[in-house]
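Since the structure comes first, as structure tokens, the remarks are kept for the end.
Numbering (my numbering), first residue to last: 1362 to 1523.
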């Protein structure tokens, strides 16, 4: 098997950081803002807001099914519904809920732009994660140049302490 080029290695490393490490940071913030034992009640309380987000296609059907399951999967999920269900929330869904159901102020440029390095709020960290996940998703060749990799790595490793 051929070895990876340096730019391919950069892609793999950044991908692992974004899929392995940054979700833990988002989960930490999510669990802080939505205590797991209260999350089910919060979602029920915010049902109308969530429904509006679904109608606007901000929440897709798969996410909606996680938020509002019709039938419990097991006896355990009947007794402890929040434990199993909420562990299945991915970075996108957790970020969406943090953006729309909390009082966290958005970063200066909004969530769709890369915040400046001087902006170190949890909202800015969420925007960084979203930005770089989109960058990786839209790369055609699986290569990231060293300068771009270094900048992204520095930005994202600072996020791990949300």
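Yeah, the Cβ is synthetic: ideal placement off N, Cα and C, and Gly gets one too.
Consult DSSP for residue i and reduce its assignment to one of helix, strand or coil.
i: residue 1417; result: coil
i: residue 1436; result: Residue confidence is low: residue 1436 scores 49 on pLDDT, short of 50, so the model does not pin down where it sits. Its coordinate-derived value is still stated next. Three-state result, residue 1436: helix.
i: residue 1571; result: Outside the shown range of the chain (1362 to 1523) lies residue 1571, about which nothing can therefore be said.
i: residue 1372; result: helix
i: residue 1450; result: coil
i: residue 1386; result: helix
i: residue 1500; result: coil
i: residue 1423; result: helix
i: residue 1456; result: helix
i: residue 1378; result: helix
Do you know offhand how far residue i's Cα is from residue j's?
i: residue 1380; j: residue 1401; result: 26 angstroms
i: residue 1476; j: residue 1393; result: 22 angstroms
i: residue 1418; j: residue 1479; result: 33 angstroms
i: residue 1415; j: residue 1496; result: 25 angstroms
i: residue 1408; j: residue 1462; result: 10 angstroms
i: residue 1474; j: residue 1489; result: 8 angstroms
i: residue 1405; j: residue 1508; result: 46 angstroms
i: residue 1464; j: residue 1399; result: 17 angstroms
Which residues mark the beginning and the end of the alpha helix (DSSP H) in which residue i is found?
i: residue 1511; result: 1507-1518
i: residue 1401; result: 1397-1406
Beta-carbon of residue i versus every beta-carbon of chain C: anything under 9 angstroms?
i: residue 1416; result: Note that chain C does not occur in the displayed structure, where there is just one protein chain.
In chain order, each beta strand (DSSP E) run of at least 3 residues that lies wholly inside the stretch 1459-1492 = none
message = Under 8 angstroms: do the stretch 1483-1495 and the stretch 1458-1473 share three or more Cβ pairs, one atom per stretch?
response = yes
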